[in-house]
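K.L.:
Numbering (this note's numbering), first residue to last: -6 to 396.
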C-alpha cells in the first residue's frame, strides 16, 4: 500500500469516527427551544385519560364545506360530546425475577390512555380517529364510550408522520358521529372547544373553551425519536386547555363541527395555553387512505441522514465545503438497494438542493420528498469533497419513517 493510500485510509477512518461521534443531536420534540409534548396520559400517572363515545347512525363520513350558524356552547357540546371516546392502550406487563432480570408476562395492562373521535358508522362498525402516539406499541386496544361501555377495538391503519390512526369498534352502542368542518375556513379569534378526557376516565368528557390562536402554525417535532427535529407539523394553535389524555380528542367550532384533532402542547412550565391540533382537512385526507390501505405510502431515497448544522466544525472542515454552504443534509448511510445508491449518492455527500428547492435540513427535505409520488424522478444537487454535483433519482416506495 502506497503512502498516499495509507494516508487516505487513515483520513477516511478518522473522518467517519469524527462524523459519528461529533454530531450534536437536537433535543427530542423541541420547537424554537420550547419543549413539545404529545398529550397522551401514561397509565402510571395518578389518573388516566379517557374520551367520549359517539351516537348517530350515519352511512358515510360527514364533511361540510360551509359553517353552520352559531348556537349556544352548551347545546353544541351536548350534541357532539358523545362522539368523543377514550382509547386505552394495553401492553404486556414486566417484572423482575429472582435473578434481577426483567420478564414479560402474558397479562395485559393499561399502558396509556388517549382520546378519539367517532367519525363514521358503517357496515356494523364505528370508525374512530385518534393519534398514532395513542395506539403506538399497543398489543390490545379498548374504547370507553361516554356511557361507560367498554368495547374491544381493532387497528385499521396508522401513520407516524401525521400522528394519526384509525381504529374501529362494533357499532352496537354507537349512535353519534362527529362532523368535520372545512379547516381552510378556520379564522384566528374564533371559538375553539376541546373535548377529551384529561388525566383519565375519571375526567371523561371534559370540555374546555378558548379561541383559535393561529392557523397553519409550523411546529418542529422529532417523530422517530433520534434526537433530531425531522418533521414540521402544520397545526391549528389554540389556548383551550389541552392536557395529558386529550390526545386524539376533538377541537370543535361553535357549530359543533370538528376543526382539528388535538395532538400536542407546549410543555414548558412557564407557558400556558399553547395547544396544537391537526387540521380537519388533513385528517379527512389521511383517514381515507388509512381506511383503504392501512398505511400511507411515501417515496424514499434509501438513506439515513443528519443536519449539516448538527455536525461539529472539525468534521465540516474535512468535508472541504465552500465557505458559503452553511446548511443542508449530510448522508450518513446509503441503503445498498435504495434509489440513492442507484443514483450514485454516497455517505458523507451533502445534499443542498432537491427538485430546484434549497434544502436547509431534514425537515424541509421530507416536505419536498413527500410532495412527490413513487416513481417520480427528482434532481438532487449535492457536494462531495467540496465539489458541487447533480444527479437524478427515481423515487422508490416506503411505508416506514426512514428515508
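Just so you know, even glycine gets a beta-carbon here, dropped at the ideal spot from N, CA and C.
Would you call the CB atoms of residue 390 and residue 361 closer than 8 Å?
P.N.:
If you number the chain shown from 1, residue 390 lands on position 397. If you number the chain shown from 1, residue 361 lands on position 368. In this structure, the beta-carbon distance from residue 390 to residue 361 does not fall below 8 Å.
K.L.:
In whole angstroms, give me the CA-to-CA distance for residue 143 and residue 136.
P.N.:
Working through the chain shown from its first residue, we reach residue 143 at position 150. Working through the chain shown from its first residue, we reach residue 136 at position 143. If you take the alpha carbons of residue 143 and residue 136, they lie about 6 Å apart.
K.L.:
Determine, using beta carbons only, whether residue 241 and residue 108 come nearer to each other than 8 Å.
P.N.:
Numbered from its first residue, the chain shown carries residue 241 at position 248. Numbered from its first residue, the chain shown carries residue 108 at position 115. Closer than 8 Å, so yes.
K.L.:
Since residue 187 and residue 210 should fall inside the 8 Å C-beta cutoff, what is the C-beta to C-beta distance between them, to a whole number of angstroms?
P.N.:
If you number the chain shown from 1, residue 187 lands on position 194. If you number the chain shown from 1, residue 210 lands on position 217. No, residue 187 and residue 210 are not in contact; Cβ-Cβ is about 16 Å, not under 8 Å.
K.L.:
Taking just the CA atoms, how far does residue 355 sit from residue 103?
P.N.:
Position 110 of the chain shown, counting from 1, holds the residue named residue 103. Position 362 of the chain shown, counting from 1, holds the residue named residue 355. Cα-Cα distance, rounded: 35 Å.
K.L.:
In angstroms, rounded to a whole number, what distance separates the CA positions of residue 115 and residue 169?
P.N.:
The residue you call residue 115 lines up with position 122 of the chain shown. The residue you call residue 169 lines up with position 176 of the chain shown. The alpha-carbon separation between residue 115 and residue 169 amounts to approximately 12 Å.
K.L.:
With the cut-off set at 8 Å, would you say residue 212 and residue 225 are in Cβ contact?
P.N.:
As a working mapping, residue 212 is identified with position 219 in the chain shown. As a working mapping, residue 225 is identified with position 232 in the chain shown. Going by C-beta atoms, residue 212 is nearer than 8 Å to residue 225.
K.L.:
Just the Cα atoms here: how many angstroms apart are residue 149 and residue 67?
P.N.:
In the chain shown, residue 149 corresponds to position 156, counting from 1. In the chain shown, residue 67 corresponds to position 74, counting from 1. The alpha-carbon atoms of residue 149 and residue 67 are separated by roughly 33 Å.
K.L.:
Assuming residue 70 and residue 200 are in contact, meaning their beta carbons sit under 8 Å apart, how far apart are those beta carbons, in whole angstroms?
P.N.:
In the chain shown, residue 70 corresponds to position 77, counting from 1. In the chain shown, residue 200 corresponds to position 207, counting from 1. So it is a contact: roughly 5 Å between Cβ atoms.
K.L.:
Run through the region 177 to 206 for me and flag every whole alpha helix (DSSP H) of 4 or more residues, listed as ranges in chain order.
P.N.:
none
K.L.:
Counting only runs that start and end within the region 318 to 364, where is the alpha helix (DSSP H) found for 4 or more residues in a row?
P.N.:
332 to 335 and 355 to 363
K.L.:
Can you find the residues in the same chain that come closer than 8 Å, C-beta to C-beta, to residue 319, ignoring five residues on each side of it along the sequence?
P.N.:
Here residue 319 refers to the residue found at position 326 when the chain shown is read from its first residue. Closer than 8 Å at Cβ, skipping near neighbours: 301 and 302.
K.L.:
Does DSSP put residue 248 in a helix, a strand or coil?
P.N.:
Position 255 of the chain shown, counting from 1, holds the residue named residue 248. Residue state, collapsed to three classes: coil.
K.L.:
Return the residue from the list 140, 179, 381 and 65 that minimises the CA-CA distance to residue 270.
P.N.:
Counting from one through the chain shown, the residue named residue 270 turns up at place 277. Of 140, 179, 381 and 65, the residue nearest in Cα terms is 179.
K.L.:
Rounded to the nearest angstrom, how far is the Cβ of residue 194 from that of residue 329, given a contact under 8 Å?
P.N.:
Here residue 194 refers to the residue found at position 201 of the chain shown. Here residue 329 refers to the residue found at position 336 of the chain shown. Between residue 329 and residue 194 the Cβ distance is about 49 Å, and since that is not below 8 Å, they are no contact.
K.L.:
In or out: residue 207 buried (at least 16 other Cβ within 10 Å) or exposed?
P.N.:
Here the question's residue 207 lines up with position 214 in the chain shown. Per the 10 Å Cβ criterion, exposed.
K.L.:
So, using beta-carbon positions, are residue 152 and residue 279 closer together than 8 Å?
P.N.:
Within the chain shown, residue 152 is the residue found at index 159, counting from 1. Within the chain shown, residue 279 is the residue found at index 286, counting from 1. Yes.
K.L.:
Less than 8 Å between the CB atoms is what I'm expecting for residue 339 and residue 327, so what's the real figure, rounded?
P.N.:
As a working mapping, residue 339 is identified with position 346 in the chain shown. As a working mapping, residue 327 is identified with position 334 in the chain shown. Indeed they touch by this definition, with Cβ atoms about 6 Å apart.
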